[in-house]
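Each residue of the sequence shown is one higher than the one before, counting from 1 in UniProt numbering.
All residues carry an ideal CB built from backbone N, CA and C; glycine is no exception.
Worksheet: the structure to be examined is printed underneath.
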Amino acid sequence: MKILLSGTASDSHTWNLVYLRLFLEEHGHEVVGLGPCVDAGLLADACLRHAPDTVVLSSVNGHGYRDGLDAVRALRAEPALAALPVVLGGKLGVVGRRQDEEVRSLLDAGCDAVLGDDLDALRAFLAVRARTEVPA
Ligand code: B12
């Protein structure tokens with residue numbers, strides 16, 4: 001699958017993105033990496049341009065819930081991206097545990113999965129998408 005991998009708007013961390021690119025490539029995916037500090041508008045433009053099969057968003061600086069919500073809303077506001085699978089993960093808040101209300105808001109906004117640090121869950125999420133992909 002072609003995966004667009006991106007950091008979130010306020011997050012300057014990069015090693016998470018380096019790690020995830022390697023992880024995704026080792027699992028046979030083609031990766032388009034946008035790098036850190038990608039605002040929601042730029043993310044939506046990049047998805048229109050690259051036409052990925054799935055978007056993987058990574059945030060570790062503690063503002064992931066908020067940045068992720070902006071990102072998902074920008075994608076879902078674009079008709080061509082309304083059904084594009086989007087998964088968000090990392091260290092999303094500053095309280096050190098999953099925050100159910102924030103997760104709910106993200107899912108309601110159209111995020112397909114909110115995964116925290118769990119790479120096994122990411123692998124499973126992508127495996128399901130790969131199986132349901134319609135060949136061109
Ligand atoms: C190195 C580091 C930095 C470096 C970054 C260098 C770089 N080039 O990236 C510097 C010094 C620049 C930095 C800056 C800051 N940092 Co910093 N940083 C770290 C540190 C020590 C290691 C992060 C790292 O590189 N890990 C290695 C990579 C490979 O792993 P990872 O980032 O943990 O990502 C893994 C998982 O999160 C997961 N994952 C990530 N994304 C996704 C996505 C999906 C879909 C899935 C499934 C999994 C997943 O998989 C990855 C591999 O296992 C952590 C603390 C720690 N020990 O983790 C703090 C930490 C991430 N930083 C933190 C903070 C607060 C900051 C600053 C805001 C500090 C400040 N006040 O200025 C700034 C960020 C400013 C900004 N605008 O973003 C906090 C975040 C708090 C939180 N989330 O609760 C942490 C956790 C430290 C702490 N305990 O407080 N930081």
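Should residue 127 be labelled buried (16 or more other beta-carbon atoms within 10 Å of its own) or exposed? Numbered from its first residue, the sequence shown carries residue 127 at position 127. Exposed: under 16 other Cβ atoms inside 10 Å.
Does the distance from the CB of residue 113 to the CB of residue 95 come in under 7 Å? By one-based count along the sequence shown, residue 113 stands at place 113. By one-based count along the sequence shown, residue 95 stands at place 95. Cβ distance not < 7 Å, so residue 113 and residue 95 don't count as in contact.
What does residue 4 pair with, by DSSP beta-bridge criteria? Position 4 of the sequence shown, counting from 1, holds the residue named residue 4. 32 and 55, per the DSSP bridge assignment.
Can you tell which of 5, 110 and 24 has its C-alpha closest to the C-alpha of residue 42? On the sequence shown, residue 42 is found 42 positions in, with the first residue counted as 1. Selected option, being the one with the closest Cα: 5.
Less than 7 Å between the beta carbons of residue 20 and residue 58, yes or no? The sequence position of residue 20 within the sequence shown is 20, counting from 1. The sequence position of residue 58 within the sequence shown is 58, counting from 1. Yes, the pair counts as a contact, with Cβ atoms nearer than the cut-off.
Given the structure, does residue 45 come close to the ligand B12, in the sense that its CB is under 6 Å from one of the ligand's heavy atoms? Position 45 of the sequence shown, counted from the start, is the residue given in the question as residue 45. No, Cβ of residue 45 sits at least 6 Å from all heavy atoms of the ligand B12.
For the ligand B12, which residues count as neighbours when the test is a C-beta closer than 5 Å to any heavy atom? This criterion selects 11, 12, 13, 14, 15, 16, 19, 58, 60, 61, 62, 89, 90, 91, 94, 115, 117 and 122.
I'd like the span of the alpha helix (DSSP H) that includes residue 88, first residue to last. Mapped onto the sequence shown, residue 88 falls at position 88. Boundaries around residue 88 are those of the beta strand (DSSP E), 86-90, since no alpha helix (DSSP H) includes it.
Alpha carbon to alpha carbon, how far is residue 32 from residue 188? Give it in angstroms, no decimals. Here the chain covers residues 1 to 136 and nothing more, so residue 188 does not appear.
What residue range is occupied by the uninterrupted alpha helix (DSSP H) comprising residue 128? To locate residue 128, count along the sequence shown from 1; it is residue 128. Here the alpha helix (DSSP H) through residue 128 covers 119-132.
The region 39-54 / the region 1-15 touching (three or more Cβ pairs under 8 Å): yes
Sort 89, 97 and 85 by Cα distance to residue 182 and report the nearest one. Because the chain here runs from 1 to 136, residue 182 falls outside it and cannot be looked at.
Close beta carbons around residue 28, own chain, < 7 Å, minus the five adjacent residues each side: Here residue 28 refers to the residue found at position 28 when the sequence shown is read from its first residue. Excluding sequence neighbours, residue 28 sits near nothing in its chain.
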